[in-house]
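Novice: Chains E and R are the protein sequences, given in the same order. So for the first sequence, this note's numbering puts the first residue at 102; every next one is plus one. So for the second sequence, this note's numbering puts the first residue at 102; every next one is plus one. Glycine included, C-beta positions come from ideal geometry on N, C-alpha and C. This structure is in structure tokens; I'll ask about it shortly.
Protein chains: 2
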Amino acid sequence: MEQPQKTFENLAAEKRDRVLAEATREFADHGYHQASVNRMVERLGIAKGSLFKYFGSKQGIFEYIFGHTVAQFKKPLKEIRDSASGDFFDRVEMSLLACVDFIDRHPLIYRIYLKLAFQENFPMREKFLAEIRQASDKYLRALVGHGMASGQLRPGLDQDMIVFHLDAVMDRFLQTCAVPGLDSGTGLHGADKATLQTKARAVTDILRHGLGT
Amino acid sequence: MEQPQKTFENLAAEKRDRVLAEATREFADHGYHQASVNRMVERLGIAKGSLFKYFGSKQGIFEYIFGHTVAQFKKPLKEIRDSASGDFFDRVEMSLLACVDFIDRHPLIYRIYLKLAFQENFPMREKFLAEIRQASDKYLRALVGHGMASGQLRPGLDQDMIVFHLDAVMDRFLQTCAVPGLDSGTGLHGADKATLQTKARAVTDILRHGLGT
DNA sequence: GCTAATGGTGACCAGGTGGTCACTTTGTTT
DNA sequence: AAACAAAGTGACCACCTGGTCACCATTAGC
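Set out below in structure tokens:
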């Protein structure tokens, strides 16, 4: 015993995945406080005591999920940043589509992030949010830095403001895709891949005019 | 009796305001489900039964607050839209600063909006959100329509995409001002008025290049 | 002074919460 | 087969939730 979550690591991979999937779903659907451990165990068909043996507490469940999933979020972006194809704005466009794709494949994780960002009473909120924002900021800053150095961005612009602008537009693009009710006129929510590519291009074009040389 | 909230309307204005202020604060601090009626009455120093006599239910409390405050949100924007001073981008900049000012004076209302937007299990969420988005969309669309008609915006751009872009940047600007943890490098959160004006100008300049003729 | 109506009260309710722990079941080792 | 350890269990706990309602206090009209 001794270590609490050792028991969980020893479980059969199949069961482990089921537990994580169900817990993730519960947090994504209801946020943190409104998520119910009772509901989790009921849907999993296991006893409540088991879950607490695995993770110690409700917060332990959430922290475990969070740690596992943040890493996943960073991976596809890194690949694009390190691939040298296209100019600055092509890369922005690719990043945008890569994020859309990730969210499409892992919608629950993104929904947890949105709740985390705006539901202030999350436990450990500051820590988690700082971790995510830092990663996002670092990524964009590297991208913009490279674009400025290679003269693809209009001189005289403040790097912070460029990062802010990119972040704002890209984030909203993703939010509109994922959150029902935010879309008003763009047709982004629930759009097919071809439409998304067209819209991403349209957004990038505006950025190209606003930020490019 | 007959009508439930008639009782509340008959109250002394001072008490009415206190009740509304405390309820607003509770929802702003904790969202809907995590908000506690018990805490409200404890802080107000009144009996729980009284609150339920006033509003019938927890949801009734929230709906009453919501109805009262949305109207307040629309007013300052309308004034700017109807005042004809400056070109399109000046108006955008003024709108931005007007919103910042409003949020500065009514931070609780804005926090409720943010929770409403991303905390999916809010009751009546779709209805409330649609109401807000529609108002925001209508406002921006009128602004953009006027800008396009008077030739201040680059031809060939899709109106929906312009509205989307404006909305994204402005919304993020406001979020960064209001939500701690979202700011990374811009220095918007907790900034003084002069700084905000500078930053708003910087954002508008980028938009001017990206969207203007 | 009596009556009626209104505002105000708080003990009480059923139901849900995260968390516990003495216990049983299962699997492995000798 | 005996012994041991680890996984699994679910009744139970204290606490909090939104909501109720029989009762009390204060005023107004007569």
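Quick one: what's residue 313 of chain E bridged to in DSSP?
Specialist: Answer is E/254.
Novice: Can the beta-carbon of residue 279 of chain R be found less than 9 Å from the beta-carbon of residue 280 of chain E?
Specialist: no
Novice: Keeping to the same chain, check which residues put their C-beta closer than 7 Å to that of residue 102 of chain R; ignore five residues upstream and five downstream.
Specialist: Residue placement at residue 102 of chain R is flagged as unreliable, the pLDDT there being 43, under the threshold of 50; a coordinate-derived value is accordingly withheld.
Novice: Since residue 161 of chain R is in the alpha helix (DSSP H), which residue starts that stretch and which ends it?
Specialist: 159 to 183
Novice: With residue 143 of chain E as the anchor, note down where its alpha helix (DSSP H) starts and where it stops.
Specialist: 138 to 145
Novice: Who are the neighbours of residue 262 of chain E on chain R, taking C-beta pairs under 8 Å?
Specialist: 287, 300, 303, 304 and 307
Novice: Using a Cβ-Cβ cutoff of 8 Å, what residues of the region 209 to 231 of chain R are near chain E? List them in chain order.
Specialist: 212, 215, 216, 218, 219, 220, 221, 222, 226, 227, 230 and 231
Novice: Return helix, strand or coil for residue 135 of chain E, following the three-state DSSP convention.
Specialist: coil
Novice: By Cβ distance, which residues of its chain are closer than 7 Å to residue 296 of chain E, with the 5 residues on each side in sequence left out?
Specialist: 288
Novice: Quick one: which residues of the region 261 to 280 of chain R get their C-beta closer than 9 Å to a C-beta of chain E? List them in chain order.
Specialist: 261, 262, 263, 264, 265, 266, 268, 269, 270, 271, 272, 273, 274, 276, 277 and 280
Novice: Quick one: list the residues of chain R neighbouring residue 135 of chain E, beta-carbon separation under 8 Å, in chain order.
Specialist: 134, 135 and 222
Novice: With distances taken Cα to Cα, identify the nearest neighbour of residue 207 of chain E among E/146, E/255, E/275 and E/309.
Specialist: When each option's Cα is compared against that of residue 207 of chain E, the closest is E/275.
Novice: Do residue 304 of chain R and residue 197 of chain R have their CB atoms nearer than 9 Å?
Specialist: yes
Novice: Establish whether the CB of residue 150 of chain R and some CB of chain E are separated by less than 9 Å.
Specialist: no
Novice: Could you tell me which chain E residues have their CB closer than 8 Å to the CB of residue 234 of chain R, listed as they occur along the chain?
Specialist: 282, 283 and 285
Novice: Is there a C-beta anywhere in chain E that falls below 9 Å from the one on residue 248 of chain R?
Specialist: no
Novice: Using only CA atoms, which one of E/298, E/187, E/145 and E/125 lies nearest to residue 160 of chain E?
Specialist: E/125
Novice: Candidates R/266, R/277, R/122 and R/200: which alpha carbon is nearest residue 176 of chain R's?
Specialist: R/200
Novice: At a cut of 8 Å, does the region 260 to 271 of chain R reach the region 262 to 276 of chain E through at least three beta carbon pairs?
Specialist: yes
Novice: So, helix, strand or coil for residue 186 of chain R, using DSSP?
Specialist: coil
Novice: Return no unless some Cβ of chain E is closer than 9 Å to the Cβ of residue 255 of chain R.
Specialist: For residue 255 of chain R, the answer is yes, since a Cβ of chain E falls inside 9 Å of its Cβ.
Novice: Could you check if residue 269 of chain R is buried or exposed, using at least 16 other CB atoms within 10 Å of its CB as the buried criterion?
Specialist: buried
Novice: Under the three-state reduction of DSSP, which class applies to residue 124 of chain R: helix, strand or coil?
Specialist: Correct three-state label for residue 124 of chain R: helix.
Novice: Could you confirm whether any beta carbon from chain E is found closer than 9 Å to the beta carbon of residue 102 of chain R?
Specialist: Bear in mind that the predicted position of residue 102 of chain R carries a pLDDT of just 43, short of 50, making it too unreliable to give a figure here.
Novice: Where residue 292 of chain E and residue 211 of chain R are concerned, what is the direct C-alpha to C-alpha distance, given to the nearest angstrom?
Specialist: 29 Å
Novice: With burial defined as no fewer than 16 other Cβ atoms inside 10 Å of the residue's Cβ, what is the status of residue 285 of chain E: buried or exposed?
Specialist: Residue 285 of chain E is buried by the Cβ-count criterion.
Novice: Can you list the residues of chain E that residue 68 of chain R reaches, using a CB-CB cut of under 9 Å?
Specialist: Residue 68 of chain R lies beyond the residue range present for chain R, which begins at 102 and ends at 314; the question has no answer from this structure.
Novice: Take every Cβ of the region 119 to 136 of chain R, pair it with every Cβ of the region 221 to 231 of chain E, and state whether three or more of those distances are shorter than 8 Å.
Specialist: Yes, the region 119 to 136 of chain R is in contact with the region 221 to 231 of chain E.
Novice: Is the beta carbon of residue 220 of chain R within less than 8 Å of some heavy atom of the ligand NAD?
Specialist: Among the ligands in the structure shown, none appear at all, so the ligand NAD cannot be discussed.
Novice: Locate the alpha helix (DSSP H) running through residue 272 of chain E, then write down its first and last residues.
Specialist: Start and end: 260 to 279.
Novice: Which residues of chain R have a Cβ atom closer than 8 Å to the Cβ of residue 259 of chain E, listed in chain order?
Specialist: 303
Novice: Considering Cα atoms alone, identify which of R/178, R/120 and R/134 is closest to residue 213 of chain R.
Specialist: Ranking R/178, R/120 and R/134 by Cα distance to residue 213 of chain R puts R/134 first.
Novice: 9 Å is my cut-off, CB to CB: does residue 242 of chain E come that close to chain R?
Specialist: yes
Novice: With H, G and I counted as helix, E and B as strand and the rest as coil, what does DSSP make of residue 148 of chain R?
Specialist: coil
Novice: Can you tell me whether residue 310 of chain R is buried or exposed, with buried defined as 16 or more other CB within 10 angstroms of its CB?
Specialist: With 16 or more Cβ atoms within 10 Å of its Cβ, residue 310 of chain R is classed as buried.
Novice: Rounded to the nearest angstrom, how far is the Cβ of residue 190 of chain E from that of residue 313 of chain E, given a contact under 8 Å?
Specialist: Confirmed, about 7 Å.
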